[in-house]
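Q: Add 861 to a position in the sequence shown, counting from 1, and you land on the number used in the working numbering. Idealized CB from N, CA, C, for every residue including glycine. Values in this document were obtained by computation on a predicted structure and should not be read as measured data.
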Amino acid sequence: MSDDVEAMLSNIKSTKIACRAITKKGEPCPIEAGPSGWCHVHDPELQCGAVNKKGKRCNTATGGGRCQRHTPNGAPPAATQPTQKETAAARGSGASTPRSRVVTVQAKFPGRCRCGDSYQVGETIAKLPNGWGHQKCAATQ
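1. Helix, strand or coil for T1001 per DSSP?
2. Could you name the residues that DSSP lists as bridge partners for P837?
3. For a test of the three-state rule: what should DSSP assign to V966, helix, strand or coil?
4. Give every residue of the same chain whose Cβ lies closer than 8 Å to the Cβ of N991, excluding the five residues on either side of it in the sequence, and list them in chain order.
5. Rounding to the nearest angstrom, what Cα-Cα distance links A879 and K885 in this structure?
6. Establish whether the CB of H903 and some CB of chain B are separated by less than 8 Å.
7. Would I986 be called buried (16 or more neighbouring beta carbons within 10 Å of its own) or exposed?
Set out below in structure tokens:
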């Protein structure tokens, strides 16, 4: 190779392309940009708009760090399994759904059940829809 070409290639290798993003402080992003012109933090194809305060990315089911909404040719994203939070939200609040099991604990303080009878320290009590009480009262609720 000629000296001119070698000089140009070494200059290209040493030149860092800056990211096009502006930080919250109004300064240019100091991270080196990739082929898209954005750094790994600000690249819209990698972000999906979900970057938390620690710089962690959202979990994507498509792999490769790509978000589902950025699909080629504008195709709609593939259907995925709902997350645990989504299925919990679909179930609704715990008070409106029947419990499959009764939550019980040993009473640390004396109290009164919703049936009107009291319970003592150390007695097994259960979580009722409107407070704590006897296990037998939880079974009838």
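A: Taking the coordinates as given:
1. Here residue 1001 refers to the residue found at position 140 when the sequence shown is read from its first residue. Residue state, collapsed to three classes: helix.
2. Coverage of the chain is limited to positions 862 through 1002, which leaves residue 837 absent and any answer about it impossible.
3. The residue labelled residue 966 in the question sits at position 105 within the sequence shown. If DSSP states are grouped into helix, strand and coil, V966 belongs with the strands.
4. Stepping through the sequence shown from its first residue, residue 991 is reached at position 130. So the list reads R975, once near-sequence residues are dropped.
5. One-based indexing of the sequence shown puts residue 879 at position 18. One-based indexing of the sequence shown puts residue 885 at position 24. If I take the Cα positions, the gap works out to 16 Å.
6. The question asks about chain B, but that chain is absent: this structure has only one protein chain.
7. Here the question's residue 986 lines up with position 125 in the sequence shown. Classification for I986: buried.
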